[in-house]
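Student:
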Amino acid sequence: MNWITNYVRPKINSLFSRREVPENLWTKCPECGTMLFHRELADSLNVCGNCDHHLPISPRERFAALFDAGIFTEVKVPEAVADPLMFRDQKKYPDRLKAAQKDTGEREAMLVAEGEVLRTPIVAAAQEFAFMAGSMGAHVGNAIIAGAERAVKLRRPFVLFAASGGARMQEGILSLMQMPRTTVALALLREAGLPYVVVLTNPTTGGVTASYAMLGDVQIAEPNALICFAGPRVIEQTIREKLPEGFQRAEYLLDHGMIDRVTHRKALREEIATILRMLTLQPPAIKGDLPRPEAGGGAPA
Amino acid sequence: MTQHYLDFEKPLAEIEGKAEELRAVARANPEMNVEKEAAALDRKAETLLRDLYKDLSPWRKCQVARHPDRPHTRDYIAALFTEFTPLAGDRNFADDHAVMGGLARFNDAPVVVIGHEKGHDTKSRIERNFGMARPEGYRKAIRLMDLAHRFRLPVVTLIDTPGAYPGKGAEERGQAEAIARSTARCLEIGVPLVSVVIGEGGSGGAVALATANRIAMLEHSVYSVISPEGCASILWKDAEKMREAAEALRLTAQDLLKLGVIDRIVKEPLGGAQRDRAATIEAVGKTIEAMLKELAGKKPEALIRDRRQKFLEMGAKGLAA
Ligand SMILES: [Zn+2]
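Keeping their order, the protein sequence lines are chains A and B.
Everything in the first sequence is counted per the working numbering, starting at 1 for the first residue and increasing by one.
Everything in the second sequence is counted per the working numbering, starting at 1001 for the first residue and increasing by one.
#1: Quick one: what's got a C-beta closer than 7 Å to Ile143(A)'s C-beta in the same chain, skipping five residues either side?
#2: Cβ closer than 8 Å: which chain B residues qualify as neighbours of His256(A)?
#3: Compare the Cα-Cα distances from Ala1278(B) to each of Thr1157(B), Arg1066(B), Tyr1076(B) and report the closest residue.
#4: Using alpha carbons as the reference points, say which of Ala1045(B), Glu1046(B), Pro1068(B) lies closest to Leu1006(B).
#5: Expressed to the nearest angstrom, what Euclidean distance is found between the alpha-carbon atoms of Leu1193(B) and Glu1016(B)?
#6: Considering only their Cβ atoms, is the gap separating Leu1259(B) from Arg1250(B) smaller than 8 Å?
#7: Could you check whether the Cβ of Asn142(A) sits closer than 7 Å to any heavy atom belonging to ligand 1?
#8: Out of curiosity, what's the CA-to-CA distance linking Lys266(A) and Ala1104(B)?
#9: Within 8 Å of any Cβ in chain A, is that where the Cβ of Met1314(B) sits?
#10: What do you reckon, is the C-beta of Thr73(A) under 7 Å from a heavy atom of ligand 1?
#11: Taking just the CA atoms, how far does Leu1235(B) sit from Met86(A)?
#12: So, for Asp1263(B): in the same chain, excluding its five sequence neighbours on each side, which residues have a beta-carbon less than 7 Å away from its beta-carbon?
#13: By Cβ distance, which residues of its chain are closer than 8 Å to Leu1022(B), with the 5 residues on each side in sequence left out?
#14: Measure from the C-beta of Thr201(A) to each C-beta in chain B and report whether the shortest distance is under 8 Å.
#15: Give the straight-line distance between the Cα atoms of Asp1160(B) and Gly1174(B), rounded to the nearest whole angstrom.
#16: Opposite Tyr196(A) in the DSSP bridges: which residues?
#17: Check whether the region 1129-1140 of chain B touches the region 1081-1100 of chain B, counting contact only when three or more Cβ pairs, one atom from each stretch, lie closer than 8 Å.
#18: Taking 8 Å as the CB-CB limit, is Lys11(A) close to chain B?
#19: Do Gln248(A) and Ile227(A) have their C-beta atoms within less than 8 Å of each other?
#20: Drop a sphere of 10 angstroms on the beta-carbon of Ser1057(B), count the other beta-carbons inside from all chains shown, and report buried for 16 or more, exposed for fewer.
#21: Could you tell me which of Ala1178(B), Thr1280(B), Glu1301(B), Leu1270(B) sits nearest to Val1197(B), measuring between CA atoms?
#22: Within 8 Å, do at least three Cβ pairs link the region 1123-1133 of chain B to the region 1077-1087 of chain B?
#23: Using a beta-carbon distance cut-off of less than 8 Å, what residues from the region 1119-1136 of chain B approach chain A?
#24: Using the beta-carbon of each residue, which ones in chain A are nearer than 8 Å to Val1191(B)?
#25: In angstroms with no decimal places, state the Cα-to-Cα distance between Ser58(A) and Ala146(A).
#26: Shorter than 7 Å, the distance from the beta carbon of Asn46(A) to the closest heavy atom of ligand 1, or not?
#27: Quick one, which residues of the region 1150-1168 of chain B are near chain A if we go by CB-CB under 7 Å, in chain order?
#28: By DSSP, does Cys29(A) sit in helix, in strand, or in coil?
#29: Starting from Asp89(A), find everything on chain B with Cβ-Cβ shorter than 7 Å and list it in chain order.
#30: Going by DSSP, what residue range makes up the beta strand (DSSP E) through His1149(B)?
#31: Just checking my contact of Val208(A) with Ser175(A) at CB under 8 Å: how many whole Å lie between their CB atoms?
#32: Does the beta-carbon distance from Leu1150(B) to Arg1091(B) come in below 8 Å?
#33: List, in chain order, every chain A residue whose beta-carbon is nearer than 8 Å to that of Phe1008(B).
#34: Since Ile1114(B) and Thr1157(B) are thought to touch, with beta carbons under 8 Å apart, how far apart are those beta carbons, to the nearest angstrom?
#35: I need the boundaries of the beta strand (DSSP E) containing Thr1161(B), first residue and last residue.
#36: Any heavy atom of ligand 1 closer than 7 Å to the Cβ of Thr104(A)?
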């Protein structure tokens, strides 16, 4: 693999995966209401330039920003059985899936990739909140198992970016069973002595938080991310009182000892590499602008 | 004991009530002979009961699973185990009464038994928080599983919870983390772990104790990712559509067996566990015995490996399995 193919491929990737040019070039920040121009928003990794609110970011955009020179290779995720319960509410589940696929350009709610972060080889998985609220069904289970197995095979750390409303109700009990399933995958990493780092993003809730998203060796959260098991509305209905400001937000969890760090999206790349290199006994990363990768991928010896 | 009737059992309540009344009148007037009429009513009631329970809809099963007179963990422990020695506390914050557990003997062999306990009257229901555990409940379970692992004792868990408690303190003290760690611990222990869903298997709060080598469900118990009411209000935007949601969720023991999520179904007496508690408890006891027997003599590594494999493969084929 020479650097030309390295550089051309991600551009082609992004050309194909990008949705049709949005008619609406402006996004309103849900926190402060500022109108954000889409190009500037993309340049700032979907962080509001006015109030620093972290808007959702797709796995592909996340990976493009995370991996050196935006280069990554997707890890194949085995196809899950479609509509295992033949579920229908007001819509058929397969129709909901099709609509989500059309909206996001993704097959499902989690993407797995391998690549290098500041020359640190890793396997990463990221959840697509825009795909049925990033909900956890058999695909997400398969993705985490595939990612963990790939990490074990390559002897690399595994990094997971969580963003999910919780269980995929349309897969019923089988969605619930992804909690133990994904936990088995993490046990494989642990036994292989490989680090597992979780980045909690807005929002991460329900069964996702109560399984793989809370079992990292290091738990990082993006600022102000909602992270909870039961959502604030459910709690307010149960206890019939108003919850305090900032309840269940990243900083609140940090104060209550539930996570290790709250880190700005723009600082994540360096922080992840720094932590992983220490946990895997590698010398410090060379930070800042990197020279182009050498032929052969430039993995550290 | 006065019988609690479920909504769909109303016609039954009328017939059984009439038979009861007749017999009461006869007791007050010994010269009256009502036995023939009363027996006819009894037969009528039994036919109706058989009809009602022949093909319970998923929503009706939810109601039966939540029936207040069903035997609870406390009752199973009292009847099936000897020398039960409750062990309390998570060694960190509190003792959660929604989860009870401790050392006990099952068929004379020492085991660790853990289960959700809902309570049986207003006072005990409040004390048990209706079987909805806080993080301390799961952390107590983790501690008891560790104890079992260290001393090579099989673990029996009894599942009966509407779900983990959605409270402010529970969230602050890491409800999600506690559930995740409890599930992880279930997968790590090198001793047999068997579970029986005796009533409600409510979402993550159930999984945290039910990630077992063998899982059984009572015939009319339910096990689901979300309550039908919760699902209806999210997907149908109408909590009254719980019947449809219960149907769609496939939460019955019969569907879960088809899906390969559970290993066996324990038959309930006619009219549900609440109509013959002793027989239900005995049947559950036989099932626990059989499941432990299947695992007896297996090495710790084999128990862990088999448990992992079971969950890795779970549900791979869906209902087409
Ligand atoms: Zn803003």
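Glycine included, C-beta positions come from ideal geometry on N, C-alpha and C.
These numbers were taken from a predicted model, which means no experiment stands behind them.
Tutor: Well, looking at it:
#1: Residue identity check: residue 143(A) is Ala in the sequence provided, not Ile. The answer, listed in chain order, is Val77, Met110, Val112, Ala125.
#2: Glu1172, Arg1173, Gly1174
#3: Tyr1076(B)
#4: Pro1068(B)
#5: 42 Å
#6: yes
#7: no
#8: 54 Å
#9: yes
#10: no
#11: 15 Å
#12: Arg1214, Ile1215, Ala1216
#13: Val1034, Glu1037, Ala1038, Leu1041
#14: no
#15: 21 Å
#16: Phe158(A)
#17: yes
#18: Because the pLDDT at Lys11(A) is just 42, under 50, the model does not fix this residue reliably, and the point stays unresolved.
#19: yes
#20: exposed
#21: Thr1280(B)
#22: no
#23: none
#24: Those do not exist, as Val1191(B) stays about 16 Å from chain A at its closest Cβ, beyond 8 Å.
#25: 20 Å
#26: no
#27: Ala1164, Pro1166, Gly1167, Lys1168
#28: coil
#29: Leu1235, Trp1236, Ala1248
#30: His1149(B) -> not in any beta strand (DSSP E); alpha helix (DSSP H) instead, spanning 1135-1150.
#31: Contact flag wrong, Cβ pair sits at about 10 Å.
#32: The identity of residue 1150(B) in the sequence shown is Arg, whereas the question assumes Leu. Going by C-beta atoms, Arg1150(B) is not nearer than 8 Å to Arg1091(B).
#33: Residues of chain A passing the Cβ test: none, with the nearest at roughly 23 Å.
#34: 5 Å
#35: 1155-1161
#36: no
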